[in-house]
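Asks: Protein chains in written order, with this note's numbering: chain A, 5 to 312; chain B, 5 to 312.
2 protein chains.
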Amino acid sequence: MLSSAPFECPSGLLAHAQQHLPLKTAVVNAEKETVMTSAKLATEHNLIEPILVGDAGAINSIATAINWDIGKFTVVDAGSEIEAAKLSVGLARSGEVFALMKGHIHSETLMQEALQRKQGIRLKRRPSHAFYMTVPGNEQGICITDAVINVLPRVKQKIEIARNVIELMHALGTPKPRVAMISGTELLTPEMPSSMDAAEVVKAAESGALPGAEIAGPMSLDVAISEQAATIKGVNNAVAGKADVLLVPNLEAGEILFKQMVYSMSATAAGLVLGMKVPIMLTSRADPPEARLASAALASVYVAHRDL
Amino acid sequence: MLSSAPFECPSGLLAHAQQHLPLKTAVVNAEKETVMTSAKLATEHNLIEPILVGDAGAINSIATAINWDIGKFTVVDAGSEIEAAKLSVGLARSGEVFALMKGHIHSETLMQEALQRKQGIRLKRRPSHAFYMTVPGNEQGICITDAVINVLPRVKQKIEIARNVIELMHALGTPKPRVAMISGTELLTPEMPSSMDAAEVVKAAESGALPGAEIAGPMSLDVAISEQAATIKGVNNAVAGKADVLLVPNLEAGEILFKQMVYSMSATAAGLVLGMKVPIMLTSRADPPEARLASAALASVYVAHRDL
Chain A
5 MLSSAPFECP SGLLAHAQQH LPLKTAVVNA EKETVMTSAK LATEHNLIEP
55 ILVGDAGAIN SIATAINWDI GKFTVVDAGS EIEAAKLSVG LARSGEVFAL
105 MKGHIHSETL MQEALQRKQG IRLKRRPSHA FYMTVPGNEQ GICITDAVIN
155 VLPRVKQKIE IARNVIELMH ALGTPKPRVA MISGTELLTP EMPSSMDAAE
205 VVKAAESGAL PGAEIAGPMS LDVAISEQAA TIKGVNNAVA GKADVLLVPN
255 LEAGEILFKQ MVYSMSATAA GLVLGMKVPI MLTSRADPPE ARLASAALAS
305 VYVAHRDL
Chain B
5 MLSSAPFECP SGLLAHAQQH LPLKTAVVNA EKETVMTSAK LATEHNLIEP
55 ILVGDAGAIN SIATAINWDI GKFTVVDAGS EIEAAKLSVG LARSGEVFAL
105 MKGHIHSETL MQEALQRKQG IRLKRRPSHA FYMTVPGNEQ GICITDAVIN
155 VLPRVKQKIE IARNVIELMH ALGTPKPRVA MISGTELLTP EMPSSMDAAE
205 VVKAAESGAL PGAEIAGPMS LDVAISEQAA TIKGVNNAVA GKADVLLVPN
255 LEAGEILFKQ MVYSMSATAA GLVLGMKVPI MLTSRADPPE ARLASAALAS
305 VYVAHRDL
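What follows is the structure in structure tokens.
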């Protein structure tokens, strides 16, 4: 049941990002070949201007091995993955870089440093993660949030997750994104807390908490993405059948959805941590280069929009 | 991102079911055309011998309208959907039927009657739901459980969900099914309770609680279904990369996974409630006829195995 179609970095997103100057980006613990190759690719596409943080000796020898002239870029020597994280977060805090790219480091380690109250890059907002998913041959993407950071968010956190993703969608050029509050049902039932949460988020949106978007739910995935399913189930609102954003009930649901799209449809998952001083491109060891490139493009578009 | 490939009832499953006598099945509130059409289809494929429960007048006139001679089948008159549920569950309790097929009735209403301690068809087991998913042109299916009944099961319930689906896999001819305990991570982390649950279920299995199966986890979806992802992530066990069963962390995660497979891959979802006196074919209004037919085939195979 696996797709064998090649992954594609969406050309529209790439072109959009390339309208802006390369994004100054700290590559956190760059000392592995896959990381260096990703950073090289993003640099060659004019998406980032890297500062390579990690074991300087290893970084320089990998650069030679992959035939990448890094003479004009800064290399910051770090003795461990934690030190690389601290130094990279410091560069973001002081305004020397405008994005972080996860290198050879555990996400938890990087996020722990980034989230430190005093030394980190928190804002007075809740950080959340969003994937911008595209499939080969189709430039129209769909967002999944939060499949990475917030494990079991409740109403208040879901409102903040929505706010973060709405900002991202605005950056992508969708002025009024359609956000589907996904649950296992269209009915309000206390036995399924995600359905109750969804209704409360919609209510908050109706009171003005989430401007610049259409929010509806609870709805199941089929109603969100298929106009036919919405019609059969008699769900008629501005979001049903044409959602731009799937706000999932919990992390595992989002994780499964995004992975299923990657493995069954060769979807490219561009992913960012949002709502912090700078976005963080979190990639997984199993991610294809196209997803890493798309994440850098997404970060560029996001930062350019925030700076306006 | 929707698939336009036609749905297929897997021919292997159909042939397997047709080795057995038609399954005596109560169709619960049959008084709608889509329900009658499904029952007719399953009858014509020798999968079921229906008892049609619901408004007898409506049932007879729909039969005429869809050109189905129901003269040799029993029609049980019922004045409401609740009465239809009560009567159908009664037929199962007394051994007159060996399966229930959901008709024009809410799943909650039907399940409420079925689950009644005294009047229902409970066993001393926890009921759970399993989908047997197949994609066009591929007879090899994969099970998703539980995407319908158990909203947020913890360890004890997950062991019972596993036991039920293992029995189903045995019925399908897989003597040692590979069950993946799905989480959002391969690591054990208290911040993601599903990962801790998964490890406990695996431990129980190692102590002999779940014979006739290979159980492993926690693992994310990609590790469960892709040998390449399992290799990249260094996960090496009997299940990784070749799972027969995806035991999902919670209902919404399973719901999203099965819907995504239906809408992006034209997967056929055959679904049954397991672990009760008789299986219940639960279908949704938006299900295609192929999924209804496959559910009847699955019920037939399941009941034949249990009777051995």
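Backbone N, C-alpha and C define an ideal beta-carbon position, used for all residues, glycine too.
Using only CA atoms, which one of 170(A), 278(A), 143(A), 37(A) lies nearest to residue 11(A)?
Replies: The shortest Cα separation from residue 11(A) among 170(A), 278(A), 143(A), 37(A) belongs to 143(A).
Asks: With a threshold of 8 angstroms between beta carbons, is residue 248(A) in contact with chain B?
Replies: With 8 angstroms as the cut-off, residue 248(A) does not count as an interface residue toward chain B.
Asks: Take residue 76(A) as the anchor and find which of 87(A), 14(A), 61(A), 56(A) has the nearest alpha-carbon.
Replies: The residue with the shortest Cα to Cα distance from residue 76(A) is 56(A).
Asks: Quick check: the Cα distance between residue 276(B) and residue 298(A), rounded to an integer number of angstroms?
Replies: In a straight line, the C-alpha of residue 276(B) is about 40 angstroms away from that of residue 298(A).
Asks: In chain order, what residues of the same chain lie with their CB nearer than 6 angstroms to the CB of residue 36(B), ignoring the 5 residues before and after it?
Replies: Result list for residue 36(B): 108, in chain order.
Asks: If we call anything under 8 angstroms between Cβ atoms a contact, is residue 243(A) one with residue 184(A)?
Replies: Their beta carbons are under 8 angstroms apart, which means residue 243(A) touches residue 184(A) by this criterion.
Asks: Closer than 8 angstroms by C-beta to residue 191(B): which residues in its own chain qualify, once you throw out the five before and the five after it? Chain order, please.
Replies: These residues qualify, in order along the chain: 199, 222.
Asks: From residue 14(B) to residue 50(B), what does the alpha carbon distance come to, in whole angstroms?
Replies: Going by the C-alpha atoms only, they are around 15 angstroms apart.
Asks: For chain A, find out if any of its Cβ atoms is closer than 8 angstroms to the Cβ of residue 150(B); answer yes or no.
Replies: No, no contact with chain A.
Asks: With a cut-off of 8 angstroms, does the C-beta of residue 201(A) fall near any C-beta of chain B?
Replies: Not an interface residue.
Asks: Could you tell me whether the Cβ of residue 252(B) comes closer than 8 angstroms to any Cβ of chain A?
Replies: For residue 252(B), the answer is yes, since a Cβ of chain A falls inside 8 angstroms of its Cβ.
Asks: Please confirm whether residue 264(A) has its beta-carbon closer than 8 angstroms to some beta-carbon of chain B.
Replies: For residue 264(A), the answer is yes, since a Cβ of chain B falls inside 8 angstroms of its Cβ.
Asks: Determine the direct distance from the alpha carbon of residue 130(B) to that of residue 40(A), and round the result to whole angstroms.
Replies: So the two alpha carbons sit approximately 51 angstroms from each other.
Asks: How would you write the range of the alpha helix (DSSP H) that residue 112(B) sits in, first residue to last?
Replies: Its alpha helix (DSSP H) spans residues 111 to 119.
Asks: Listed from N- to C-terminal order along the chain, which residues in the region 216 to 237 of chain B have their beta-carbon within a distance smaller than 7 angstroms of any beta-carbon of chain A?
Replies: Residues passing the 7 angstroms Cβ filter: 224, 225, 226, 229, 230, 233, 236, 237.
Asks: By the 7 angstroms beta-carbon criterion, what residues does the region 282 to 298 of chain A contribute toward chain C?
Replies: In the displayed structure, chain C is absent; the protein chains listed are A and B.
Asks: Buried or exposed, going by whether 16 or more other CB atoms sit within 10 Å of the CB of residue 29(B)?
Replies: Counting Cβ neighbours within 10 Å, residue 29(B) comes out buried, since at least 16 surround it.
Asks: Under 8 angstroms between the Cβ atoms of residue 271(B) and residue 152(B)?
Replies: For residue 271(B) and residue 152(B), no; Cβs fall outside 8 angstroms.
Asks: Output the residue ranges of the beta strand (DSSP E) runs that lie fully inside the region 122 to 174 of chain A and measure 3 residues or longer, sorted by chain position.
Replies: Whole beta strand (DSSP E) segments, 3+ residues: 132 to 139, 142 to 149.
Asks: Rounded to the nearest angstrom, what separates residue 66(B) and residue 300(B) at their Cα positions?
Replies: About 21 angstroms.
Asks: With which residues is residue 68(B) paired in a DSSP beta bridge?
Replies: Its beta-bridge partners do not exist; DSSP assigns none.
Asks: According to the Cβ coordinates, are residue 204(A) and residue 239(A) closer than 8 angstroms?
Replies: It is not a contact, given that the beta carbons lie outside the stated cut-off.
Asks: Below 9 angstroms between beta carbons is the criterion; list the residues of the region 176 to 196 of chain B that meet it against any residue of chain A, in chain order.
Replies: Residues passing the 9 angstroms Cβ filter: 186, 187, 188, 189, 191, 193, 195, 196.
Asks: Need the endpoints of the alpha helix (DSSP H) that residue 239(B) sits in, please.
Replies: Neither: residue 239(B) is in no alpha helix (DSSP H) and is coded neither H nor E.
Asks: To the nearest angstrom, how far is the alpha carbon of residue 227(B) from that of residue 245(B)?
Replies: Taking the straight line from one Cα to the other gives about 6 angstroms.
Asks: Can you say whether residue 314(B) is buried or exposed, counting buried as having 16 or more other CB atoms within 10 angstroms of its CB?
Replies: Residue coverage of chain B in this structure runs from 5 to 312, which leaves residue 314(B) outside it and unanswerable.
Asks: Can you tell me which of the three DSSP states residue 289(A) falls into?
Replies: Residue 289(A) falls in the coil class under three-state DSSP.
Asks: Within this structure, are the beta carbons of residue 249(A) and residue 173(A) separated by less than 8 angstroms?
Replies: The answer is yes: Cβ separation under 8 angstroms.
Asks: With a threshold of 8 angstroms, are at least 3 pairs of Cβ atoms found where one atom belongs to the region 96 to 115 of chain B and the other to the region 279 to 288 of chain B?
Replies: Result yes; three or more Cβ-Cβ pairs closer than 8 angstroms.
Asks: Would you mind giving the Cβ-Cβ distance between residue 132(B) and residue 165(B), rounded to the nearest angstrom? I have them listed as a contact below 8 angstroms.
Replies: Rounded, the Cβ-Cβ distance is 4 angstroms, consistent with contact.
Asks: Please state the DSSP three-state secondary structure of residue 301(A).
Replies: Three-state result, residue 301(A): helix.
Asks: Kindly say whether residue 268(B), judged by its beta-carbon, lies nearer than 8 angstroms to any beta-carbon of chain A.
Replies: Taking Cβ atoms only, chain A reaches closer than 8 angstroms to residue 268(B), which makes this a yes.
Asks: Hey, quick one: how far does the beta strand (DSSP E) through residue 189(A) stretch, first residue to last?
Replies: Element bounds for residue 189(A): n/a, residue is neither H nor E.
Asks: For chain B, find out if any of its Cβ atoms is closer than 8 angstroms to the Cβ of residue 259(A); answer yes or no.
Replies: Yes, contact with chain B.
Asks: Between the Cα of residue 218(A) and those of 229(A), 290(A), 120(A), 206(A), spot the shortest distance and give me the residue it belongs to.
Replies: Residue 218(A) has its Cα closest to that of 206(A), out of 229(A), 290(A), 120(A), 206(A).
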